[in-house]
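In what follows, a single structure is set out as structure tokens and then discussed.
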Amino acid sequence: MRPLWTERLDDGFDRYVLEREDVLAPLFGEISPVPFACAVWRLAGPPAVDPGYLRRHPRVLSADLDPSGWDGTLTASVSIAAPWPATLAWPRDWSADRGWRDWPTLFGQYVDPTDRDIATVPHLRSTLLVQAPIPFTDLPPAPHSTDAVPEAARLVLTTLVRELNALLTPLLTRLDTAPKPT
């Protein structure tokens, strides 16, 4: 199981990041690799590009990376679709027979309920918010020129996916293998 993975990091990706020099060039030569890594991460997925070069496990609703406001290190904020807490899953006497629904799914993806769904029955969608520091010592330095951008961007994505997967895999494995309440 992979919480996150990359796809199509080929010549098309190289051309794409070179076309986005307007975003990346101001970060050339930065002492910290974090701002460049965050910019590449944002450019690699929706809404910047769709379909993106980053893919997510169906439960991973979003995965954002930003410099810490405290010390500039790398932090992640990941939103994960989760089942109802055990205190709400059973007994369901709190629901007053209103037909409460959990996360709707479409082709295995957790999606927002439609306006029609919400007009028909109430929905209660549990979400986990993972906020964590991400090791950044393996990130490449910010490039000094446009020529070095594609290789640095590929290495950034590979490194960040590896670090986030190490953080999220145990959590998602538990969520996907836990018995569902009856």
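In full-length UniProt numbering, the protein residues as written are 1 to 182. All C-beta atoms, glycine included, are put in the ideal place defined by N, C-alpha and C.
Check	Outcome
Leu71 in three-state terms, based on DSSP	In the sequence as presented, Leu is not what sits at residue 71; that position holds Asp. Asp71: coil per DSSP, three-state reduction.
Same chain only: Cβ atoms within 7 Å of Pro85, ignoring 5 sequence neighbours per side	Ser126
The segment 159-179 / the segment 119-133 touching (three or more Cβ pairs under 8 Å)	yes
Cβ-Cβ distance between Pro33 and Ala178 below 7 Å	no
Distance, Phe28 Cα to Ser145 Cα	6 Å
Span of the alpha helix (DSSP H) around Thr173	149-177
Rounded straight-line distance, which links the Cα of Glu7 to that of Pro67	25 Å
Local conformation of Leu18 per DSSP, three classes	helix
As assigned by DSSP and simplified to three states, the class of Val78	strand
Secondary structure of Pro141, DSSP reduced to three states	coil
Where Ala132 falls, given that 16 or more other Cβ within 10 Å makes a residue buried	exposed
Length of the line joining the Cα atoms of Leu54 and Pro47	11 Å
Helix, strand or coil at Trp100 [DSSP, three-state]	coil
Proximity below 7 Å, CB of Leu124 to CB of Ala44	no
DSSP beta-bridge partners of Trp5	Arg55
Beta-carbon proximity list for Gly52, same chain, < 7 Å, skipping 5 on both sides	Ala44, Gly45, Pro46
Check whether Pro150 and Asp22 have beta carbons under 7 Å apart	no
Coarse secondary structure for Leu124, derived from DSSP in three states	coil
Which residues DSSP lists as bridging Ser62, in chain order	Ser79
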